[in-house]
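Trainee:
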Amino acid sequence: MKKGDLSQLKEMYWDYDYPASPEDIYNFIMGKKELAYLNRDMVIARMLVYVRWYHLIDIFGLESLKSFLTESVFRYIPNEEMRKNYEYVKKVLDRAL
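For the sequence shown, counting from 1, position 41 maps to 40 in numbering that gives the first Met the number 0; every step adds exactly one.
(1) Give the C-beta separation of VAL88 and LEU68 to the nearest angstrom, bearing in mind that I take them to be a contact with Cβ-Cβ under 8 Å.
(2) Assuming ILE58 is part of the alpha helix (DSSP H), what are its boundary residues?
(3) Please list the terminal residues of the continuous alpha helix (DSSP H) segment that includes ARG45.
(4) Look up LYS89 in the DSSP assignment and say whether it is helix, strand or coil.
(5) Keeping to the same chain, check which residues put their C-beta closer than 6 Å to that of MET46; ignore five residues upstream and five downstream.
(6) Considering only the beta carbon of each residue, do ASN38 and LYS32 sit closer than 8 Å?
(7) Return the residue from the list ASN84, ARG82 and LYS65 that minimises the CA-CA distance to ALA95.
(8) Hey, how far is the Cα of GLY60 from the Cα of LEU92?
(9) To which residues of the same chain is ASN78 closer than 8 Å at the C-beta, ignoring the five residues directly before and after it?
(10) Quick one: what's got a C-beta closer than 8 Å to ILE76's C-beta in the same chain, skipping five residues either side?
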């Protein structure tokens, strides 16, 4: 667990006033907190779309990010090209880690 600058997680909810703090979102994604009104796969997909990859590496580390790259997360990424890019990243990380 790296847990870098969590304020970067605010970027994923730039388009609305979201009630959870970046710490709550981090703990929810890591499975340490329940947020009854959220779907974990949808939150991870939104994070992959809106937060810069290098910020995610700093916050979660490559091992955790690799575990987030699943088919159930990919289905929530609306942009097909971005979805294919993350599928490629998953293949690279599977070989490298």
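Positions of the beta carbon are idealized from the N, C-alpha and C atoms, including for glycine.
Mentor: Inspection of the coordinates gives the following:
(1) 6 Å
(2) 52–67
(3) 39–49
(4) helix
(5) MET11
(6) no
(7) LYS65
(8) 12 Å
(9) VAL48
(10) ALA44, LEU47, VAL48, ARG82 and TYR85
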